[in-house]
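First residue of the sequence shown? That's 55 in the working numbering, and the numbers climb one at a time after it. For each residue, glycine too, the CB sits at the ideal point set by N, CA and C. Below: one structure, written as structure tokens.
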Amino acid sequence: MPPDTADANASRKPADTAQPVDANTDDEQAAEAQPAAGLRSPVDYLGDLCGRHQIVLLGDQIGVRQHVLLLADALAELADNGVANFAWEFTNSRRQAELDALIDAPDWDDRACADLFVDLLGVGFGYQEYADVLHAVWQHNDAERRREADRRPIRVVALGLPTYVEDPDLLDGRSAAELELRNWSLGGHYRDISAVHAAGVLTSEVLRKGERALVYMNIAATTTRLVEWADGVPTASAGNLLWRWMGDGCRRVVFHGAVADTAATQRAEELISHSPEGRAGAELRFGLDLAASTLGSVAMTEVRGSLDGTDASLRLRDVADGYLYLGPRADWSPCALIPQLITPENFPSAEARYRALDPRPTPYTHDELEEVRRTGQLELSAAWPSLPAPPEAPKRRFARFRGHRN
């Protein structure tokens, strides 16, 4: 069984009750229920939630610059709330020893950091902002080492699962990126196997130690109560497995716009823009619980799944427990490539790994691999959920009065 969460609940902070209000709410009532200073910052909200629950799953799309930068900014707040682990899927778990050595080293090593991401070449995580998160963890731990007492280091736990065969010759011309081949090589459905893998790593590296973790993964891997369906078949996620084991000890938070439901994203932005804070014209950034908020009532029209085994209409509060808003979906920008990621030393292994993903008889050149990286970075935004439709321009009214001037 997971460690008892009673201690965490006993020290629970007051609930965050400040929520954006519906556009139709009376202004005076809204001002009374929602003071301007009531909204929690994303970092404060995330730290508080992690302090009240043992596992907090943070779901996101790949390569959103603003979201990854927030993680680096949140480290001190996480440590203040007793979080000892930051887990993610963007370095492979087989490189955990190298990751620990990088984070605990007396001096920062840019090259060792970059080499961790070469292991994921072709999947697309060789981005500078992800490396900056590791550097921020190293800086945090370096400062903690200098403290005389009450040290609060943070460990990075790698959840990535290899998705390819190392030797392209073993593939006989097939691509290791093909789902059928990954299912065969891993002995089961790849998504299910990766879910079991991530849940198992978190169990051994975090839960059995009685520690807390913020878990940053792709949006599909973080579902908890919600079981999504693909082609009429229910899928499993790491969040599903953990929530059914831990219950209230596990919570899911999503970034605004990360859930692939354009209509829901548009409706959320409308509610936020018409709230007192949104109408004030200031840049809004906040985190909140969805259970008692107007945002939680936003209907989902594209997300399909079940909470109890039957297919039913869903609302945002069914999809997630918490919500982070850093700005409109249209403001997203992609992460930048790590410069000089591929070197003469790591090129042979990087080329072999990529040729396993995209087989051909002749090896790839260094320039070709760099072009693959550039193309992948340019295509990041195309993989994100669609943007909400822009608001319609107001109709001009002068024509209706033209006849009265004659």
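Hey, Val97 and Trp142: beta-carbon distance below 9 Å or not?
Walking along the sequence shown from the start, residue 97 turns up at place 43. Walking along the sequence shown from the start, residue 142 turns up at place 88. Cβ distance not < 9 Å, so Val97 and Trp142 don't count as in contact.
Give me, in chain order, the residues of the same chain whose beta-carbon lies closer than 7 Å to that of Val255; leave out the 5 immediate sequence neighbours on both sides.
Start at 1 with the first residue of the sequence shown, and residue 255 comes out as number 201. Ser147, Val211 and Leu213, listed in sequence order.
Would you give the residue range spanned by the beta strand (DSSP E) that Asn272 belongs to?
Locating residue 272 in the sequence shown gives position 218, where the first residue counts as 1. Ala267 to Asn272 is the extent of the beta strand (DSSP E) around Asn272.
How should Gly227 be labelled, buried or exposed, when 16 other C-beta atoms within 10 angstroms of its C-beta is the threshold for buried?
Locating residue 227 in the sequence shown gives position 173, where the first residue counts as 1. Its Cβ having fewer than 16 others within 10 Å, Gly227 is exposed.
What does the Cβ neighbour count give for Gly113, buried or exposed, with the cut at 16 atoms within 10 Å?
What you label residue 113 is simply residue 59 of the sequence shown in a count that begins at 1. Buried, because 16 or more other Cβ atoms sit within 10 Å of the Cβ of Gly113.
Please look up how many angstroms separate the CB atoms of Ala410 and Pro216, rounded, as I've assumed it's under 8 Å.
Residue numbering aside, residue 410 sits at position 356 when the sequence shown is read from its first letter. Residue numbering aside, residue 216 sits at position 162 when the sequence shown is read from its first letter. So it is not a contact: roughly 10 Å between Cβ atoms.
Give the secondary structure of Trp192 by DSSP, where H, G and I count as helix, E and B as strand, and everything else as coil.
Taking the first residue of the sequence shown as position 1, residue 192 is located at position 138. The answer is helix: DSSP assigns Trp192 an H, G or I state.
Keeping to the same chain, check which residues put their C-beta closer than 7 Å to that of Glu86; ignore five residues upstream and five downstream.
Reading the sequence shown from its first residue, position 32 is the one you call residue 86. Confidence is the limiting factor: at Glu86 the pLDDT is only 38, short of 50, which leaves the residue's position unreliable, though a coordinate-based value still follows. Excluding positions up to five away in sequence, the list is empty.
Is it buried or exposed for Gly286, if we count other Cβ within 10 angstroms and need 16 for buried?
One-based indexing of the sequence shown puts residue 286 at position 232. By the 10 Å Cβ count, Gly286 comes out exposed.
Ignoring anything shorter than 4 residues, give me the alpha helix (DSSP H) runs that lie fully in the stretch 234–321, in order along the chain.
244–259 and 292–300
Could you check what DSSP says for Phe401 in three-state terms: helix, strand or coil?
By one-based count along the sequence shown, residue 401 stands at place 347. Helix, per DSSP.
I need the straight-line Cα distance from Ile396 to Ala406, nearest angstrom please.
Taking the first residue of the sequence shown as position 1, residue 396 is located at position 342. Taking the first residue of the sequence shown as position 1, residue 406 is located at position 352. Their Cα atoms are separated by approximately 13 Å.
Determine the direct distance from the alpha carbon of Gly332 to that of Leu423, and round the result to whole angstroms.
In the sequence shown, counting from the first residue as 1, residue 423 sits at position 369. In the sequence shown, counting from the first residue as 1, residue 332 sits at position 278. Between Leu423 and Gly332, the C-alpha separation is close to 45 Å.
Excluding the 5 residues flanking Ile273 on each side, which residues of the same chain have their C-beta closer than 7 Å to its C-beta?
By 1-based counting over the sequence shown, the position of residue 273 is 219. Gly113, Asp114, Gln115, Val308, Ala312 and Val313.
Please name the residue, chosen from Thr364, Ile326 and Gly359, that lies closest to Val352 on a Cα-to-Cα basis.
Looking up residue 352 in the sequence shown gives position 298. The residue with the shortest Cα to Cα distance from Val352 is Ile326.
Quick one: any contact between the stretch 119–134 and the stretch 378–389, if contact means 3 or more CB pairs under 8 Å?
As far as the Cβ criterion goes, the stretch 119–134 touches the stretch 378–389, which means the pair count is three or higher.
Does the beta-carbon of Ser329 have 16 or more other beta-carbons within 10 angstroms, so that it is buried, or is it exposed?
Translated into the one-based positions of the sequence shown, residue 329 becomes position 275. Burial call: buried.
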